[in-house]
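Asks: Numbering (the working numbering), first residue to last: 217 to 468. Ideal Cβ positions, reconstructed from N, Cα and C, are used throughout, including at glycine. Please find one structure pasted underneath; my questions will follow.
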């Protein structure tokens, strides 16, 4: 790991065995250094900007780093899409999760981080420069607007969204942005049969189907979490996403 300056929150645990057991992967020395650097940058910036309440090293490792990468590793293997060059958009990225860890681990993959808060986008831009990551860029904006712009609509192979809204709203934010054949990944805590039925209905409207609901347990705190994978099988109607605020006020 890199040396930690006096402003850092401490040294992240290496957790090599847990990485291997849960993802069949371990970070290289360079990747470990970048993950530590990301933690240091967030701890310092968090004093001026409300980026995250999770700042203790072990909790940060599990709830931000491990969780981010577990989402692109259904059933303990990284998505085959990540083996080749491609593009991914992180919607509502906040402090950069899950997009920045994905960008660190998959340098051949182009990562776009979208957030509507200027201070958070400014932080992510600073982190991209300092890590450094040549494969990452940001967009300041709302998913409802970006999803209707020709520059971004149906341009991405993958989309990830974590802790933003209900699953049906997340589907309306993500699916217009990914290509036909692409995959949207919705990070969730609990998951109910009612949520599943609602999402099946929404996905059908938006040209997708539920490919997998992956239930797993976090390695340190043993919390149950889910990731839901939506495969886009048809192009999304230009009626979606609806204008800003409508998806949350009137979910499909």
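With a threshold of 6 Å on Cβ separation, who are the neighbours of residue 221 within its own chain once the five nearest residues in sequence on each side are excluded?
Replies: What you label residue 221 is simply residue 5 of the chain shown in a count that begins at 1. The predicted position of residue 221 is uncertain, since its pLDDT is 43 and thus under 50; a value taken from the coordinates is nonetheless stated next. Cβ neighbours of residue 221 beyond the five flanking positions: none.
Asks: Once the 5 residues before and after residue 439 are set aside, which same chain residues still bring their CB inside 8 Å of it?
Replies: Numbered from its first residue, the chain shown carries residue 439 at position 223. Only 405, 433 meet the Cβ criterion.
Asks: For the segment 217-262, which segments carrying the alpha helix (DSSP H) assignment without a break, of at least 4 residues, lie completely within its bounds, in sequence order?
Replies: Runs found: 232-239, 245-261.
Asks: Helix, strand or coil for residue 272 per DSSP?
Replies: As a first step, residue 272 is located in the chain shown; it is residue number 56 there, counting from the start. Coil at residue 272, not helix or strand.
Asks: Just tell me which of 396, 402, 370, 394 has its CA closest to the CA of residue 382.
Replies: As a working note, residue 382 is residue 166 in the chain shown. The shortest C-alpha separation from residue 382 is found at 402.
Asks: Starting from residue 328 and walking both ways along the beta strand (DSSP E), at which residues does that stretch end?
Replies: Counted from its first residue, the chain shown places residue 328 at position 112. Element bounds for residue 328: 325-331.
Asks: Less than 6 Å between C-beta atoms, sequence neighbours within five positions excluded: which residues of the same chain meet that for residue 264?
Replies: Counting from 1 along the chain shown, the entry for residue 264 is found at position 48. Nothing meets the Cβ criterion.
Asks: DSSP has residue 375 in a bridge; who is on the other side?
Replies: Counting from 1 along the chain shown, the entry for residue 375 is found at position 159. Answer is 305, 400, bridged to residue 375.
Asks: Tell me whether residue 366 is buried or exposed, calling it buried when 16 or more other Cβ atoms sit within 10 Å of its Cβ.
Replies: As a position in the chain shown, residue 366 is number 150, starting the count at 1. With fewer than 16 Cβ atoms within 10 Å of its Cβ, residue 366 is classed as exposed.
Asks: Is residue 240 closer than 8 Å to residue 293 when the C-beta atoms are compared?
Replies: Within the chain shown, numbered from 1, the residue matching residue 293 stands at position 77. Within the chain shown, numbered from 1, the residue matching residue 240 stands at position 24. The answer is yes: Cβ separation under 8 Å.
Asks: From the DSSP output, read off the bridge partner residues of residue 448.
Replies: On the chain shown, residue 448 is found 232 positions in, with the first residue counted as 1. Looking at the DSSP assignment, residue 448 forms a beta bridge with 424.
Asks: Could you check which residue in 368, 230, 468, 288 has the C-alpha nearest to that of residue 388?
Replies: Mapped onto the chain shown, residue 388 falls at position 172. If we check each option's Cα against that of residue 388, 468 comes out closest.
Asks: Report yes if the CB atom of residue 398 is closer than 8 Å to the CB atom of residue 374, and no otherwise.
Replies: Reading the chain shown from its first residue, position 182 is the one you call residue 398. Reading the chain shown from its first residue, position 158 is the one you call residue 374. Yes, the Cβ-Cβ distance between residue 398 and residue 374 is below 8 Å.
Asks: Do residue 336 and residue 253 have their C-beta atoms within less than 8 Å of each other?
Replies: Translated into positions along the chain shown, residue 336 becomes position 120. Translated into positions along the chain shown, residue 253 becomes position 37. No, these two residues do not count as a Cβ contact at 8 Å.
Asks: Looking at residue 392 and residue 425, is the spacing between their C-beta atoms short of 8 Å?
Replies: Taking the chain shown and counting its residues from 1, one reaches residue 425 at position 209. Taking the chain shown and counting its residues from 1, one reaches residue 392 at position 176. Contact flag unset, no.
Asks: In terms of residues, what are the limits of the alpha helix (DSSP H) holding residue 265?
Replies: Within the chain shown, numbered from 1, the residue matching residue 265 stands at position 49. Run containing residue 265: none; DSSP gives neither H nor E here.
Asks: Taking the alpha carbon of residue 304 as the point to measure from, which residue in 257, 332, 390, 274 has its own alpha carbon closest?
Replies: Along the chain shown, one-based indexing puts residue 304 at 88. Comparing Cα-Cα distances from residue 304 to each of 257, 332, 390, 274, the minimum goes to 390.
Asks: May I have the straight-line CA-CA distance separating residue 351 from residue 315, to the nearest angstrom?
Replies: For the purposes of this step, residue 351 is taken as residue 135 along the chain shown, with counting starting at 1. For the purposes of this step, residue 315 is taken as residue 99 along the chain shown, with counting starting at 1. Distance between the alpha carbons of residue 351 and residue 315 is about 11 Å.
Asks: Start and end of the alpha helix (DSSP H) containing residue 434?
Replies: As a first step, residue 434 must be located in the chain shown, where it is residue number 218. Residue 434 -> no alpha helix (DSSP H), and no H or E assigned at all.
Asks: Just the C-alpha distance for residue 218 and residue 272, rounded to the nearest angstrom, thanks.
Replies: As a working mapping, residue 218 is identified with position 2 in the chain shown. As a working mapping, residue 272 is identified with position 56 in the chain shown. Residue placement at residue 218 is poorly supported in this model, since its pLDDT is 35, which falls under 50; the coordinates still yield a value, given next. For residue 218 and residue 272, the distance between alpha carbons rounds to 17 Å.
Asks: Classify residue 454: buried if its beta carbon has 16 or more other beta carbons within 10 angstroms, exposed otherwise.
Replies: Residue mapping note: residue 454 aligns to position 238 of the chain shown, counting from 1. Exposed.
Asks: For a test of the three-state rule: what should DSSP assign to residue 199, helix, strand or coil?
Replies: Within the shown structure, residues of the chain are numbered from 217 to 468, placing residue 199 beyond reach of any answer.
Asks: Quick one: give me the first and last residue of the beta strand (DSSP E) that residue 354 is part of.
Replies: As a working mapping, residue 354 is identified with position 138 in the chain shown. That run of the beta strand (DSSP E) goes 352-356.
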